[in-house]
Every structure is written in C-alpha cells, then in structure tokens.
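> Residue numbers (the working numbering): 1 to 73.
To start, I am sharing the structure in question, which I have written as structure tokens.
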Amino acid sequence: MLQEADTTPTCEKLLIIESMKKAVHSRSLWIRNKGELIFHSDQGIQYASDESKNVLEKNNILQSMSRRGDCYR
C-alpha cells in the first residue's frame, strides 16, 4: 500500500518502482504463494516501463492496465 509520504504530483518512474518494491516486501511469502497478486494501473509510462514490469515479473505479480480513457476497466 502506498503511503502519503510516497506520493508526488509528477508520478516519477523511480517513485513508482520504489513503491512497488515496498509493497512487495510488506507482503509475506505466505500471502504471495497462496494466490495471484494483481497490480492494476492506468497506462502511464511509469507503469509501462521495463523497470516496473521487471519488479512485478520478478515477484510473480500479474500486471493489469486499464483501457485508454476508461480507468475503471
């Protein structure tokens, strides 16, 4: 879960990656191995970057992105 101190108006890629890593480490292995985790976001470049994809892939987290102009699907 992102903390208030982890937010910025510009949504810089490094901030997103560090926040992903914090979220991964806050979950125990037991929780991660019991079911599939899904990271849902919009199609922002910071979420579509290779670094972001690598963090999710390395931790067996499925990436889900909304459709353009429809952040709820």
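Just so you know, even glycine gets a beta-carbon here, dropped at the ideal spot from N, CA and C.
1. If distances are taken between C-alpha atoms only, which option among Gln43, Glu12, Glu51 and Leu56 comes closest to His25?
2. Which residues in the same chain as Ile38 place their Cβ atom closer than 6 Å to its Cβ, once the five residues preceding and following it in sequence are excluded?
3. Check whether the Cβ atoms of Gln46 and Ser66 sit closer than 8 Å, and answer yes or no.
4. Name the DSSP beta bridge partners of Ile16, please?
5. Going by the beta-carbon positions, is the gap between Ser41 and Lys13 smaller than 8 Å?
Concretely, from the data shown:
1. Leu56
2. Leu62 and Ser64
3. no
4. Looking at the DSSP assignment, Ile16 forms no beta bridge with any residue, so it has no partner.
5. no
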